[in-house]
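Encoded as structure tokens, the structure appears first; notes follow it.
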Amino acid sequence: MKKLIICCFLILSVIFVKAQDRQAILKVMETSRQAWNKGDLETFMHCYWKSDSVMFVSPTGPTFGYANTLKNYQQTYAKSKTNMGTLTYAIKKVEIINKDNAFVYGGWHLKYKTSSSTGYYTLWFKKINGAWKIVVDHSS
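Positions -19 to -1, 1 to 121 (mature numbering (1 follows the signal peptide of the UniProt record, and there is no 0)) are the ones given, in order, by the sequence shown.
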């Protein structure tokens, strides 16, 4: 009986930790989305690992490094707040793989005054120094 109680406790602990990690990742994404909608690319980028190893894959190919990814966003969107539109996410799946890695899949939508743009993303999140960060972003 004691083993069964210990086993149940361990299972519940794992479920609780995964739920906490999922909520932390969703918070990172929501903070980033809100920053985008304020026109604040610097804060938007806080969801990414600040490393030369971060990878962003778009329809035109991969970009390596935090600084290069920020530069691409700035060149494409930062001319004015109007160029950035209003961002929404449709998060379809958050899969906690282990204590330090997670996979997120969903859709994004940018609404402009007279048009809109839609696509999908897959994100590899890694817990780095206790914080969930995107290490690979494949958006199309």
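All C-beta atoms, glycine included, are put in the ideal place defined by N, C-alpha and C.
Member of the options whose CA lies at the smallest distance from the CA of residue i
i, options, result
"Lys80", "Phe106, Thr57 and Leu68", "Phe106"
"Lys94", "Tyr101, Thr67, His119 and Thr103", "Thr67"
"Ser34", "Gln55, Pro40, Thr44 and Met26", "Thr44"
"residue 123", "Ile72, Thr99, Trp17 and Thr57", "Beyond the ends of the chain as shown, which are -19 and 121, falls residue 123; an answer cannot be given."
Distance CB(residue i)-CB(residue j) smaller than 9 Å
i, j, result
"Lys31", "Lys114", "yes"
"Arg14", "Thr69", "yes"
"Val38", "Val117", "yes"
"Thr83", "Arg3", "Strictly speaking, residue 83 in this sequence is Ala, with Thr absent from that position. Yes, Cβ-Cβ distance for Ala83 and Arg3 is below 9 Å."
"Thr24", "Thr41", "no"
C-alpha distance - residue i paired with residue j, whole-angstrom precision
i, j, result
"Ala48", "Leu7", "24 Å"
"Lys108", "Lys92", "31 Å"
"Ser(-7)", "Leu104", "Residue placement at Ser(-7) is flagged as unreliable, the pLDDT there being 46, under the threshold of 50; a coordinate-derived value is accordingly withheld."
"Lys22", "Gln55", "Inspection of the sequence shows that residue 22 is occupied by Leu rather than by Lys. Whole-angstrom Cα-Cα distance: 7 Å."
Entirely within the segment 56 to 114 and at least 3 residues each: give me those beta strand (DSSP E) ranges in chain order. 67 to 79, 82 to 92 and 97 to 109
Segments assigned alpha helix (DSSP H), at least 4 residues, entirely inside the segment 11 to 35: 22 to 25
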